Amino acid sequence: MFRQSLNRFCAGEEKRVGTRTVFVGNHSVSGTEAYIAQRFCDNRIVSSKYTLWNFLPKNLFEQFRRIANFYFLIIFLVQVTVDTPTSPVTSGLPLFFVITVTAIKQGYEDWLRHRADNEVNKSTVYIIENAKRVRKESEKIKVGDVVEVQADETFPCDLILLSSCNSDGICYVTTASLDGESNCKTHYAVRDTIALSTAESIDTLRATIECEQPQPDLYKFVGRIDIYSDSLEAVARSLGPENLLLKGATLKNTKKIYGVAVYTGMETKMALNYQGKSQKRSAVEKSINAFLIVYLFILLTKAAVCTTLKYVWQSTPHNDEPWYNQKTQKERETLKALKMFTDFLSFMVLFNFIIPVSMYVTVEMQKFLGSFFISWDKDFYDEEINEGALVNTSDLNEELGQVDYVFTDKTGTLTENSMEFIECCIDGHKYKGVTQEVGLSQTDGPLTYYDRNREELFLRALCLCHTVEIKTNDAVDGATESAELTYISSSPDEIALVKGAKKYGFTFLGNRNGQMRLENQRKEIEEYELLHTLNFDAIRRRMSVIVKTQGGDILLFCKGADSAVFPRVQNHEIELTKAHVERNAMDGYRTLCVAFKEIVPDDYERINRQLIEAKMALQDREEKMEKVFDDIETNMNLIGATAVEDKLQDQAAETIEALHAAGLKVWVLTGDKMETAKSTCYACRLFQTSTELLELTTKTVEESERKEDRLHELLTEYRKKLLHEFPKSTRSLKKAWTEHQEFGLIVDGSTLSLILNSSQDSSSNNYKSIFLQICMKCTAVLCCRMAPLQKAQIVRMVKNLKGSPITLSIGDGANDVSMILESHVGIGIKGKEGRQAARNSDYSVPKFKHLKKLLLAHGHLYYVRIAHLVQYFFYKNLCFILPQFLFQFFCGFSQQPLYDASYLTMYNICFTSLPILAYSLLEQHINIDTLTSDPRLYMKISGNAMLQLGPFLYWTFLAAFEGTVFFFGTYFLFQTTSLEENGKVYGNWTFGTIVFTVLVFTVTLKLALDTRFWTWINHFVIWGSLAFYVFFSFFWGGIIWPFLKQQRMYFIFAQMLSSVSMWLAIILLIFISLFPEILRIVLKNVRRRSARRNLSCRRASDSLSARPSVRPLLLRTFSDESNML
273 MFRQSLNRFC AGEEKRVGTR TVFVGNHSVS GTEAYIAQRF CDNRIVSSKY
323 TLWNFLPKNL FEQFRRIANF YFLIIFLVQV TVDTPTSPVT SGLPLFFVIT
373 VTAIKQGYED WLRHRADNEV NKSTVYIIEN AKRVRKESEK IKVGDVVEVQ
423 ADETFPCDLI LLSSCNSDGI CYVTTASLDG ESNCKTHYAV RDTIALSTAE
473 SIDTLRATIE CEQPQPDLYK FVGRIDIYSD SLEAVARSLG PENLLLKGAT
523 LKNTKKIYGV AVYTGMETKM ALNYQGKSQK RSAVEKSINA FLIVYLFILL
573 TKAAVCTTLK YVWQSTPHND EPWYNQKTQK ERETLKALKM FTDFLSFMVL
623 FNFIIPVSMY VTVEMQKFLG SFFISWDKDF YDEEINEGAL VNTSDLNEEL
673 GQVDYVFTDK TGTLTENSME FIECCIDGHK YKGVTQEVGL SQTDGPLTYY
723 DRNREELFLR ALCLCHTVEI KTNDAVDGAT ESAELTYISS SPDEIALVKG
773 AKKYGFTFLG NRNGQMRLEN QRKEIEEYEL LHTLNFDAIR RRMSVIVKTQ
823 GGDILLFCKG ADSAVFPRVQ NHEIELTKAH VERNAMDGYR TLCVAFKEIV
873 PDDYERINRQ LIEAKMALQD REEKMEKVFD DIETNMNLIG ATAVEDKLQD
923 QAAETIEALH AAGLKVWVLT GDKMETAKST CYACRLFQTS TELLELTTKT
973 VEESERKEDR LHELLTEYRK KLLHEFPKST RSLKKAWTEH QEFGLIVDGS
1023 TLSLILNSSQ DSSSNNYKSI FLQICMKCTA VLCCRMAPLQ KAQIVRMVKN
1073 LKGSPITLSI GDGANDVSMI LESHVGIGIK GKEGRQAARN SDYSVPKFKH
1123 LKKLLLAHGH LYYVRIAHLV QYFFYKNLCF ILPQFLFQFF CGFSQQPLYD
1173 ASYLTMYNIC FTSLPILAYS LLEQHINIDT LTSDPRLYMK ISGNAMLQLG
1223 PFLYWTFLAA FEGTVFFFGT YFLFQTTSLE ENGKVYGNWT FGTIVFTVLV
1273 FTVTLKLALD TRFWTWINHF VIWGSLAFYV FFSFFWGGII WPFLKQQRMY
1323 FIFAQMLSSV SMWLAIILLI FISLFPEILR IVLKNVRRRS ARRNLSCRRA
1373 SDSLSARPSV RPLLLRTFSD ESNML
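Under this note's numbering, the first residue of the sequence shown carries the number 273, and numbering increases by one thereafter.
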């Protein structure tokens, strides 16, 4: 278990610790030895968080980690155990409601995960046992079982391919749910087991597989199969990634395969790349907790002050025990320390309403109801899939307005994964279009020479130098079907190039018995014997084939990145082609250079011998093959270059530009090749033509013998360059981007592993910190060749930066699930590559372009609304409880409530709850079209701007001012002993009712002043709440209630309003309380008009300005916003 945990933690770890031995079919390899079953984990998948037994304690523990929930639990227990001025019901019922609703919601979400797990674990599979197909549930597969998989079925665990229905032991697989690639990939069985294509024959196989222990890297696998027979010694064959079928991949275009399970359940590569779903908490919730601590301190201070002053007051005998309130014998015998403690708790309960539990109920309702606006947004509806946006987690709505970093997948997220051949360049001349006479249309001016054979050689190279397979009359995921042929390849580029050659008259007809067949422009069939394929890899960045013509000539065709091909061709051939390649790259096309050379028979014999030796090596196989490939691909002749367009999703480039303008940093995390990803980044404008790229890749690091030394050298060099360009200053780095040279960083998975897992010597301890410094200074970062767990590592690394920036991840495949779960906000795209990402995300949208409105409009508005809600709740409750505190100075600190119990209960539940709820759902302080058209507005609220210390202090002092006005205004009014003509004197309940009336009207009208977007709902709840308060007060005080012991409020409200002086006092106190707000709004309007007038004058005098200023818009939208202070 420790090793599994270590492997799970260290994604991309190069060192593999230990191996496992798997007996194929769980048979002993020797007839004389008994087979002893080995212990491996079963094939169950568990993604759920709770079980039936731990749900209650675990869920309650998580909920009471919230400061507010824990606080209200303590208050409830105090009210139950101590004689307090208010009933325990006032705290217990709201707390019970919040805990219950949250538990039901989280329990339902986990039930859905249980159901999804059961669908996988209970699915039907077929195992070969005793030469028969046995039907079993997927969770019962054991390591060593031989599994039969039919076409279009998903592999239930990680399998080593033994045989297929194809005579050559080949099968085709789509790994869309793993690495995002929807194209078919070809996998191979070892030649010794190819013929075992029936249940009877496969059961006769006696073999063992020795392979590495489970590790999360999808692209690496090292193993060996030993095949035993009765008469001969064991035959050993090496196994690699091409023999491994991963769980989650799907069998395509192959009727049936047999494979042996090597990794099962939570040890499969897919499971090791899965991150458990954790509870995400928004920045606003953390701010609420911080505010709660401040208000809790205020509460404790108030209780301590009142408790102390009470005993100071009682230090004189006539105050301690007046004649009308004699103490009982029990009270006299009670310890003074205990009495002080209970008094302290009683004061805490009396002032408890400064921290309202109803705020959490309102916040939960606001988040839940507000999430429907995303689902209802018609702009998110996609006609192609007939679906709109979906909200899986409503707890993070406001987090959409606080994002600092966006991490996006490439394939299927930024692009449609649809390649198209655009043009080519032959001997420095550009060709685009088709003509009947010559096949190619030349558009680059007159040729200095014209050689038809040169064109045909180029097109033959495109038809031969690839790994494309043919599937006749059968549709394939990721391959576009032509009239007769369907091309299948792991790379969509190769399909595009083969189709490009076909468009110009050279058609690839497939590979039959080692012979590559093509049809030329004259409709003649040409055959070439495929001798060797020199496969593409990230280090070489090129691939080659060695073929033999019908005339006996041996040719090598090579295609690859310009930087990989140019150093290996004649220097005089480079210049003209290089200009075309650079121009195509600037246009965002994916470019490849094509070269060839003839190989004489003697050289081929040596090359063939070296290739066979390298392929059979069990140790350091990759290094040996790379060395041989490097020797072969030299002294070639450059023919030309190609340009292929990877179609971006609609408005992907505009969306990234808008995100950059909003101050967000966009990182692309992809498992794709560097060249492909780099081209896409240019096409979607992540990198501009002026962006200086810094590379930390396998190619740049391996220029030196010691990788770590070279890495340290590069990191130091890049840091110096960036620090020189961006000197430390007080200005925001976001603003500095537009004033300095922009930098982009490219890093690959291998180099990232080297950075994160570097040896602990003194020279490499600070790799990670230097790397992070570089990343923070770059406007865009591209991470290529990333394993899924490495994507999560990148997100976690950025999350832990100083300042804890808010991260968002967006992707469409199961390979993106880990980073989606790791980031603060996870967005899943409902793409062609399964729904794993959409199911595990917080929000799902049909297209990448929808991210723009989701963040800039919905996120902005959600944040402003809930920030105002939080500040308003603390404000109105401080206004509510401050007069109660001041009243204690005038009642001998006797814990006498200022307000009636009904007012205490109804204030937050009925009188002031609906107006702020409506505001937090409907408010649009800025028009949605304005928010999406001017992304810079997003920066105004970034960094949790509205919940920082400044706004918090403003709201707190405003509440303190208004609470003081409420109390002392009424107090000075009561200096006149009689307020009625009949000389009747008002009492303390009238005093408290006047204060409460002014309070309710003031806080409600304050919200009305803040409202910019009025609807009939706002009018209804604001004026309706005030009307309801008046009606309730008349109703509550106008009837003798038989179930109440005291009728202290009887006729109080009606009698109070019968006095004209009381009416005037209430209106005057409301105006005085709101005067600072009114004055601030008037001054802002004056300043806005002045700024508009000045701007109009500048516009009139500046006729050269070609671009209208957006200053009036910014002034208009933010000048009226009271909560932006």
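Even glycine gets a Cβ: it sits at the ideal position worked out from N, Cα and C.
Bear in mind that the values here come from a model prediction, so they are computed numbers and not experimental data.
- Within the same chain, and ignoring the five residues on either side of residue 1263 in sequence, the residues whose Cβ sits closer than 7 Å to its Cβ are 1242 and 1246.
- Your pair residue 850 and residue 834 checks out as a contact, with CB atoms roughly 7 Å apart and the cut at 8 Å.
- Residue pairing by DSSP puts residue 422 in a beta bridge opposite 528.
- Taking 7 Å as the cut-off, the beta carbon of residue 920 is found no closer than this to the beta carbon of residue 938.
- Taking C-beta atoms under 8 Å as the contact rule, residue 627 and residue 567 qualify, at a distance of about 5 Å.
- The three-state secondary structure of residue 325, taken from DSSP, is coil.
- Look at residue 390 here: in three-state DSSP terms it is helix.
- If only complete runs of 3 or more residues are kept, the stretch 435-499 shows the beta strand (DSSP E) at 442-446, 456-460 and 478-484, in order along the chain.
- Across the set 479, 480 and 495, the C-alpha of 495 shows the shortest separation from the C-alpha of residue 486.
- As the crow flies, the alpha-carbon of residue 796 is around 53 Å from that of residue 537.
- When the alpha-carbon of residue 348 is set against those of 909, 829, 620 and 1047, the nearest one is in 620.
- For residue 401, the enclosing beta strand (DSSP E) begins and ends at 396-401.
- When beta bridges are read from the DSSP output, residue 1098 appears opposite 1081.
- Around residue 935, the same chain offers 1006, 1210, 1211 and 1214 as residues with beta carbons nearer than 7 Å, after the five sequence neighbours per side are excluded.
- Collapsing the DSSP output to three states places residue 611 in a helix.
- Buried is the label assigned to residue 638, since at least 16 other Cβ atoms lie within 10 Å of its Cβ.
- In the displayed model, residue 1058 falls within coil according to three-state DSSP, outside both helix and strand.
- Taking each of 1175, 468 and 1267 in turn and checking the Cα distance to residue 1235, the smallest one comes out for 1267.
- Beta-bridge analysis with DSSP links residue 787 to 784 and 801.
- Between the beta-carbon of residue 582 and that of residue 615 there is about 6 Å, and that keeps the pair under the 8 Å contact cut.
- Counting along the chain, residue 859 sits inside no alpha helix (DSSP H), nor does DSSP assign it H or E at all.
- Judged by DSSP secondary structure, residue 1140 falls within the alpha helix (DSSP H) whose first and last residues are 1132-1159.
- With respect to residue 398, residue 420 sits close: the two C-beta atoms are nearer than 7 Å.
- For a cut-off of 8 Å, the C-beta gap from residue 1135 to residue 670 is around 5 Å, short enough to register as a contact.
- In the structure shown, residue 626 falls within a helical segment according to DSSP collapsed to helix, strand and coil.
- Taking C-alpha positions only, residue 523 is separated from residue 423 by approximately 5 Å.
- Every unbroken stretch of the alpha helix (DSSP H) spanning 4 or more residues and falling wholly within the stretch 1151-1216 is given here in chain order: 1173-1178, 1185-1194 and 1200-1205.
- Cβ-Cβ separation between residue 1118 and residue 688: approximately 13 Å, too far for a contact (criterion under 8 Å).
- Contact between the stretch 1270-1277 and the stretch 1184-1194 is present, with at least three C-beta pairs closer than 8 Å.
- Going by beta carbons, residue 955 and residue 697 fall outside the 7 Å limit.
- Straight across, the Cα-Cα distance linking residue 433 with residue 1049 is about 47 Å.
- Secondary-structure assignment with DSSP links residue 939 through a beta bridge to 679 and 1053.
- Straight through space, the alpha carbons of residue 1284 and residue 1362 are spaced by roughly 21 Å.
- Here residue 493 is buried. Its C-beta has 16 or more other C-beta atoms within 10 Å.
- Between the stretch 1065-1079 and the stretch 525-541 there are fewer than three C-beta pairs closer than 8 Å, too few to call the two in contact.
- Out of 542, 631 and 318, the CA that lies nearest to the CA of residue 363 is found in 631.
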